[in-house]
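> So that we are looking at the same thing, I have put the structure below in structure tokens.
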Amino acid sequence: MKNPMHNPVLHFRHLTPFSALLPMLIVLFSTHYAFAQYKGFTAVENGTQFKTTFATESKKIHSIKSNFTQEKNLSVLSEKMLSEGKFSFKRTSRVRIEYQKPFQYLLIMNGDQILIREHEKENKMNVKSNKLFQQVNRIVVDCVQGTILDNNDFTVRIFQDQHTWLLEMTPVGKALKEFFQTVIVYADKKDYSISSIDMREPSGDNTLIRFTQKELNATLSDDLFIIK
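Per this note's numbering, residue 1182 is the first one in the sequence shown, and the count goes up by one each step.
Okay, structure coming up:
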């Protein structure tokens, strides 16, 4: 029997992969706690200027091709759940996440449509029919398109060190608080591209996705994102 812990769909649900890709309670961070948590980072006072620059620079990115690693930490397991694969993004709102190790699993998000393929089995859905997928889809797309600061479902605090921007996103509405405690987004200062996303749950579980070997504005075929 196949180990259910290797199924990314389960991660997206109560185990949350990506994305994941999350039942939760909100934690409000005090200034002292935030500084202790983000060692080496300082708060950005002029959030308006950062928002303008971030949006402008992100608009220069029309596509992204990269590798990714995903680290899932579960309170019920002593070992981390690790996976890796290929990530592709193309404006507007098209994302392809292809898990390659330790299992093969494909997730395509194209507008409001989602395709999930595991082995020979396919499942298609509209993101509006699944609140978790809807939120994960929006977070991922907003991050890579540079519109994350326009998402009114979160309050955002901005920090920085020498090489990295850190966006601490805390959910506002009750529905989102059921999925996320906080979402931490790291962006590279040299090109404002996203380097990692850390989705944290009230239970203490979290999913950390790191993007490596990024190729910005790479030529990507529309066929990669087709949902038939």
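Don't be surprised by glycine CBs; every beta carbon is placed ideally from N, CA and C.
Treat the numbers as computed from the prediction; the structure is a model and nothing was measured.
Whole angstroms is fine: what's the gap from L1357's alpha carbon to T1363's?
Looking up residue 1357 in the sequence shown gives position 176. Looking up residue 1363 in the sequence shown gives position 182. Distance between the alpha carbons of L1357 and T1363 is about 10 Å.
> If you count every other CB in all the chains shown that lies within 10 Å of the CB of I1407, and 16 or more means buried, which is it?
Your numbering for residue 1407 matches position 226 in the sequence shown. Classification for I1407: exposed.
> Which two residues bound the contiguous alpha helix (DSSP H) that contains L1313?
On the sequence shown, position 132 is the one that residue 1313 refers to. L1313 -> alpha helix (DSSP H) spans 1312-1326.
> Keeping to the same chain, check which residues put their C-beta closer than 7 Å to that of Q1394; ignore five residues upstream and five downstream.
The sequence position of residue 1394 within the sequence shown is 213, counting from 1. Result list for Q1394: S1247, N1248, in chain order.
> Does the beta-carbon distance from L1160 to E1265 come in below 7 Å?
Lying before the first or after the last residue shown, residue 1160 is absent from the chain, which here runs from 1182 to 1409.
> Taking the alpha-carbon positions, what's the H1213 to E1382 distance?
Along the sequence shown, one-based indexing puts residue 1213 at 32. Along the sequence shown, one-based indexing puts residue 1382 at 201. Residue placement at H1213 cannot be trusted, given a pLDDT of 39 that sits under 50; what the coordinates show is reported in the next sentence. Taking the straight line from one Cα to the other gives about 21 Å.
> Leaving out five residues on either side along the sequence, give the residues of the same chain with a beta carbon under 6 Å from the beta carbon of A1415.
Summary: the structure shown does not reach residue 1415, with the chain confined to residues 1182 through 1409, and so no result is reported for it.
> Tell me whether G1412 sits in a helix, a strand or coil according to DSSP, three-state version.
As displayed, the chain neither begins before 1182 nor continues past 1409, which places residue 1412 out of reach and without an answer.
> In angstroms with no decimal places, state the Cα-to-Cα distance between K1241 and I1329.
Within the sequence shown, residue 1241 is the residue found at index 60, counting from 1. Within the sequence shown, residue 1329 is the residue found at index 148, counting from 1. Near 15 Å, if we compare the C-alpha coordinates of I1329 and K1241.
> Which residues in the same chain have their Cβ closer than 6 Å to the Cβ of F1255, if we skip the five residues on either side of it in sequence?
Translated into positions along the sequence shown, residue 1255 becomes position 74. A small correction: the amino acid at residue 1255 is Leu; Phe does not occupy that position in the sequence shown. The residues are D1386.
> From R1277 to A1224, what does the alpha carbon distance come to, in whole angstroms?
Taking the first residue of the sequence shown as position 1, residue 1277 is located at position 96. Taking the first residue of the sequence shown as position 1, residue 1224 is located at position 43. Answer to the nearest angstrom: the Cα atoms are 33 Å apart.
> Would you call the stretch 1267-1275 and the stretch 1287-1304 in contact, with 3 or more CB pairs under 8 Å?
Verdict: yes, contact present.
> Going by beta carbon distance, what residues of the same chain come within less than 8 Å of T1400, once the five residues before and after it are set aside?
For the purposes of this step, residue 1400 is taken as residue 219 along the sequence shown, with counting starting at 1. Within the same chain, T1400 has close Cβ partners S1244.
> Who are K1253's beta bridge partners in DSSP?
What you label residue 1253 is simply residue 72 of the sequence shown in a count that begins at 1. In DSSP, K1253 forms a bridge with M1262, T1388.
> Report back the beta-carbon spacing between D1342 and G1228 to the nearest angstrom; my notes put them in contact at under 8 Å.
To locate residue 1342, count along the sequence shown from 1; it is residue 161. To locate residue 1228, count along the sequence shown from 1; it is residue 47. So it is not a contact: roughly 17 Å between Cβ atoms.
> Return the CA-CA distance between F1417 and K1305, expressed in angstroms with no decimal places.
Missing from the structure shown is residue 1417; the chain here goes from 1182 to 1409 and no further.
> Which residues share a DSSP beta bridge with L1401?
Locating residue 1401 in the sequence shown gives position 220, counting from the first residue. Per DSSP, none; premise fails for L1401.
> Look at the alpha carbon of K1309 and the alpha carbon of C1324, and state the distance between them as a whole number of angstroms.
What you label residue 1309 is simply residue 128 of the sequence shown in a count that begins at 1. What you label residue 1324 is simply residue 143 of the sequence shown in a count that begins at 1. About 19 Å.
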